[in-house]
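Take a look at the structure:
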């Protein structure tokens with residue numbers, strides 16, 4: 001084979017190799033398929049996440065317009081017989097004084113979800129602020145802030161929330177604040193790790209080099225780049241907040257009777273488990289479905305944000 005032919009073969013080999021590098025598994029491995037859409041989008045919309053989104057969507061509509069789903073009074077049972085089993089008229093049966101259990105669950109969604117959002121809001125705002133300042137400032141300021149976070153992590157969440165509720169007083173709002181304080185540590189740890197990583201990026205150093213102040217760099221570069229992971233954790237924490245609030249309501253620290261609230265509804269039926277299982281099982285299944293759905297969506301969002 002001549003020298004010209006060898007040079008032509010080498011050129012064709014180099015062109016083929018370049019084409020493989022640009023359109024082969026390397027590009028697909030970076031998250032794009034043949035259609036050009038990110039594979040993370042396809043992996044997010046799985047049957048599990050779709051079902052979880054539907055469950056949460058229905059629950060949110062319950063909270064906003066409960067009258068569309070039930071016409072029964074959640075507080076007054078009227079002349080309805082007590083302890084009726086599930087039927088076409090009373091989907092979740094009736095309780096010990098004739099109230100429709102399904103109606104109480106639907107109307108209780110607004111209080112439970114609102115309390116969970118308040119709790120997550122407290123943890124998100126306070127915890128993220130602590131973590132971002134600790135991770136971006138560093139030094140003794142970061143050490144002091146993270147030692148406070150370590151103290152919060154060393155106390156069991158339920159015990160800490162019970163202590164705070166006893167100090168603040170009973171009520172659904174105080175319960176939400178107590179649960180939010182227990183969530184501060186989780187948000188602080190995540191936001192600090194994000195801030196430490198972002199502060200080492202070249203564009204942050206360039207921002208400082210061009211005359212940027214600490215607060216301008218924090219607000220323009222650190223916060224926007226850390227917000228996706230923090231919001232994913234917020235969705236994940238909604239389920240945990242609902243579970244903790246329901247637990248405190250079950251123990252009698254939440255909304256007073258006869259207010260429809262998920263933890264209280266389950267607590268009112270615990271004395272009738274042997275004779276009227278639907279009073280606790282059906283509301284408990286609703287709480288479990290909502291908690292699992294929020295965890296499923298939160299986990300999917302967190303993986304997509306990584």
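Numbering (the numbering used here), first residue to last: 1 to 306. All C-beta atoms in this analysis are idealised placements derived from N, C-alpha and C, irrespective of residue type, glycine included. Computed from a predicted model, the values in this text were never measured in an experiment.
Contact between the segment 280-300 and the segment 239-246 is established, with three or more Cβ pairs separated by less than 8 Å.
Counting C-beta atoms within 10 angstroms of its own C-beta, residue 159 has fewer than 16 neighbours from the protein chains shown and is therefore classed as exposed.
DSSP places residue 203 inside the alpha helix (DSSP H), whose first and last residues are 202-209.
Of the residues assessed, residue 256 falls on the exposed side of the cut-off, its CB having fewer than 16 other CB atoms within 10 angstroms. Taking the Cα of residue 181 as reference, the smallest distance to any Cα among 233, 191, 120 is reached at 120. Take the alpha-carbon of residue 163 and the one of residue 114: they are about 21 Å apart. When only Cα atoms are considered, residue 220 and residue 207 end up about 10 Å apart.
With three or more CB-CB distances shorter than 8 Å, the segment 92-112 counts as touching the segment 253-268. Per the coordinates, the alpha-carbon of residue 303 lies some 32 Å from the alpha-carbon of residue 140. By the C-beta density criterion, residue 250 is buried, having at least 16 other C-beta atoms within 10 angstroms. Comparing alpha-carbon positions, the option among 265, 105, 210, 186 lying closest to residue 229 turns out to be 186. Under the criterion of beta carbons closer than 8 Å, residue 168 and residue 178 qualify as touching, at roughly 7 Å. Around the CB of residue 192, 16 or more other CB atoms lie within 10 Å, so the residue is classed as buried. The beta-bridge partner set that DSSP reports for residue 73 is empty.
Take residue 194, set aside five residues on each side of it, and the residues of its chain with a beta-carbon closer than 6 Å to its own are 226, 229, in chain order. Cβ neighbours of residue 296 within its own chain (closer than 7 Å, five residues either side excluded): 48, 49, 52. Taken through DSSP and simplified to helix, strand or coil, residue 94 comes out as strand.
Beyond the five residues adjoining it in sequence on each side, residue 282 comes within less than 6 Å, by CB distance, of 92 in the same chain, given in chain order. Scanning its chain for C-beta atoms nearer than 7 Å, with the 5 sequence neighbours on each side dropped, one finds around residue 157 the residues 182, 244, in chain order.
Between residue 151 and residue 165, the CB-CB gap reaches or exceeds 8 Å.
For residue 103, the closest of 199, 63, 253 by C-alpha to C-alpha distance is 63. Separation of the CB atoms of residue 218 and residue 298 is rounded to 26 Å, and the pair is thereby denied contact status at 8 Å. Taking the Cα positions, residue 284 is about 18 Å away from residue 87. Judged by DSSP in its simplified three-state form, residue 100 adopts strand. Straight-line measurement puts the Cα of residue 117 at about 12 Å from the Cα of residue 60. Per the C-alpha coordinates, the member of 252, 85, 98, 267 positioned closest to residue 72 is 98. With a contact defined as Cβ atoms closer than 8 Å, residue 90 and residue 76 miss out at about 15 Å.
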